[in-house]
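Step one of this worksheet: look at the structure below.
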Amino acid sequence: MKALVKEKSEPGLWLKEVPVPDVSDNDVRIKIRKTAICGTDVHIYQWNSWARQTIPVGIVIGHEFVGEIDAVGRNVNGYKEGERVSGEGHIVCGECRNCLAGRKHLCKKTNGVGVNRDGAFAEYLVIPSSNIWRCEPELPDDVIACFDPLGNATHTALTFDVIGEDILITGAGPIGIMATAICRHIGA
């Protein structure tokens, strides 16, 4: 399959032919339909100091995506081939104290899709079935592909009671713009 790979320790990405990933027992393989470019992907492309310290050379990047299930692992229940899905890009261990207490965002063994493990800038992506969700049929692929930053913006904007309040959002990147729209919609 074709994939965008961080092949060298220098700025840039390379379109490469890589093997289609195998599906493990608890995983699904997704045929990617659309992806979105995140600031993380830009940092990896530019090969800045964060990327040099974090990204393993040879990795397929990208973590914002929508696609269709192509294959399911033998322990996967509730999903079937052909369903349109997206997913959460933080793969946690599920066994540590934080995961078992429902604080998966604090798992010290977290692996990021497209950061610590192969990502979605490819024809296929494999992730655990616990990290995916079905997409509403009326939502276009373009919208679903950017659910990750939209979720961040929504969570941040709704963390505070902003109805009727004056607010200041610093940063006019995609997440800041989305947060502004959400706050405005709810009456800030």
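Note that the numbering used here has the sequence shown beginning at 6, numbered continuously upward.
We put the CB at the ideal spot given by N, CA and C, even for glycine.
None of these values were measured; they are calculated from a predicted model.
Item, Value
"Where the alpha helix (DSSP H) containing Val9 begins and where it ends", "The displayed chain sequence assigns Leu, not Val, to residue 9. Leu9 -> not in any alpha helix (DSSP H); beta strand (DSSP E) instead, spanning Lys7 to Lys11."
"Reduced DSSP category for Pro145 - H, G, I as helix; E, B as strand; rest coil", "coil"
"Minimum C-alpha distance to Thr59 - residue among Ile49, Ala76 and Asn31", "Ile49"
"Proximity below 7 Å, CB of Ser134 to CB of Val62", "no"
"Where the alpha helix (DSSP H) containing Trp52 begins and where it ends", "Element bounds for Trp52: n/a, residue is neither H nor E."
"Completely contained alpha helix (DSSP H) runs for the region 19-84, where each covers 4 or more residues", "44-51 and 54-59"
"Local conformation of Ala162 per DSSP, three classes", "helix"
"Same chain, Cβ closer than 7 Å to Gly192, neighbours up to 5 away in sequence not counted", "Ile168 and Gly169"
"Sequence-distant residues of its chain with Cβ nearer than 7 Å to Asn80 (five each side left out)", "Asp30 and Asn31"
"Secondary structure, beta strand (DSSP E): runs of 3+ residues fully inside the region 109-138", "129-133"
"Cβ separation of Glu22 and Lys39, assumed to be a contact under 8 Å, to the nearest whole Å", "The Cβ separation is near 21 Å, so there is no contact."
"Classification of Pro145 by the beta-carbon crowding that lies within 10 angstroms, buried from 16 upward", "exposed"
"For Gly99, the nearest candidate out of Lys113, Glu88 and Gly87 (CA to CA)", "Lys113"
"Ile37 beta carbon less than 7 Å from that of Gly72", "yes"
"Helix, strand or coil at Gly92 according to DSSP, with G and I counted as helix", "strand"
"Whole-angstrom distance between Ile96 and Thr115, CA atom to CA atom", "5 Å"
"Residue nearest to Thr161 in terms of C-alpha spacing, selected from Met183, Asn121 and Asp147", "Met183"
"Secondary structure of Thr175, DSSP reduced to three states", "coil"
"Span of the alpha helix (DSSP H), counted from its first residue to its last, around Cys104", "Arg102 to Leu105"
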